[in-house]
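Engineer: Mapping the sequence shown onto the working numbering, position 65 (from 1) lands on 65, and the numbers just tick up by one. Idealized CB from N, CA, C, for every residue including glycine. Below is the structure I would like to discuss, written out as structure tokens.
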Amino acid sequence: MGILNVTPDSFYSASRLNDPAQLVARARAMLDAGAAILDVGACSTRPGSEPVSQKEELERLHAALSVLDKEFPEAVVSVDTFRGMVARECAQEHNVAIINDVSGFDWDSEMLEAVITLRLPYILTHSVPLLPGSEALPEVLRQLSQKMWQLRSEGVADIIVDPGLGFGKTIEQNYELLQGLAELSLLDAPLLVGLSRKSMITKLLGIEPSEALPATTALNMVALSKGAAILRVHDVREAVQAVKMWKALNPKK
């Protein structure tokens, strides 16, 4: 899953896209490199950021998705939003195949109803802050399990689980989750891992996001070994190489 940020304040400055030509070039490069999904977001959720208005988010998404609809009609596109009305409108007006909600339908009261109505594959992310020092894995597993039961009881069958690395978790909790990632197979859903250039890497190593590609690739290999089905990344070519190497090591999986 290649990250397309149509926002001026993403935590990784090199991922920001400011005009249609940039968007087309980045999307084409990602698809040529082997991206299976293009994830388009227009409202930064980095720590400390102020969400843009719903109107501005929609304007940015309509502009970006219109370009992708025209240039890459066969691409699988997910929309990264925590707002139900935004998800609904984008899915109804554009070639959107997946809803990627980092809030786990907690931040907007309309999101759950939108997901139930749209019946699109839904990425359920754990983003509830954990108490410092608490064990991350059992709490994340418990909360995701409850929400999956709620979604499935409403008829939402296609759910992808994201443990929410970097959302409301300490560095130690992030690595505990990554180490125990295989336990999330209990949820019986495809697993998405998004750790690309995040602070769990940069703060641990004392580096900038621009320097974090080697460590990102190393941790992506760990995620694959523990059951990740989708890697959400800024750098598709390197992630695809990691996937190919993992498959060579595990030809029967």
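Cα separation between F105 and T117?
Structural biologist: Those two C-alpha atoms are separated by around 14 Å.
Engineer: Can you give me the C-alpha to C-alpha distance between Q92 and L249, rounded to a whole angstrom?
Structural biologist: Looking at the two C-alpha atoms, the distance is approximately 41 Å.
Engineer: Please report the residue range of the alpha helix (DSSP H) in which I116 lies.
Structural biologist: 111-118 is the span of the alpha helix (DSSP H), which, as asked, contains I116.
Engineer: Going residue by residue through the segment 111-170, where are the continuous alpha helix (DSSP H) segments of at least 4 residues, counting only ones entirely within it?
Structural biologist: You should have 111-118, 136-153.
Engineer: For L231, name the three-state secondary structure that DSSP assigns.
Structural biologist: Strand.
Engineer: May I ask you to report which of helix, strand or coil DSSP gives D39?
Structural biologist: DSSP places D39 in strand when its eight states are reduced to three.
Engineer: For Q173, count the other beta carbons within 10 Å of its own beta carbon; 16 or more makes it buried, fewer makes it exposed. Which is it?
Structural biologist: Buried, because 16 or more other Cβ atoms sit within 10 Å of the Cβ of Q173.
Engineer: List the DSSP bridge partners of G34.
Structural biologist: Its beta-bridge partners do not exist; DSSP assigns none.
Engineer: Measuring straight from C-alpha to C-alpha, what distance separates N18 and V6?
Structural biologist: One C-alpha to the other measures close to 7 Å.
Engineer: Considering just the uninterrupted stretch of the alpha helix (DSSP H) at D69, what are its terminal residues?
Structural biologist: Here the alpha helix (DSSP H) through D69 covers 54-71.
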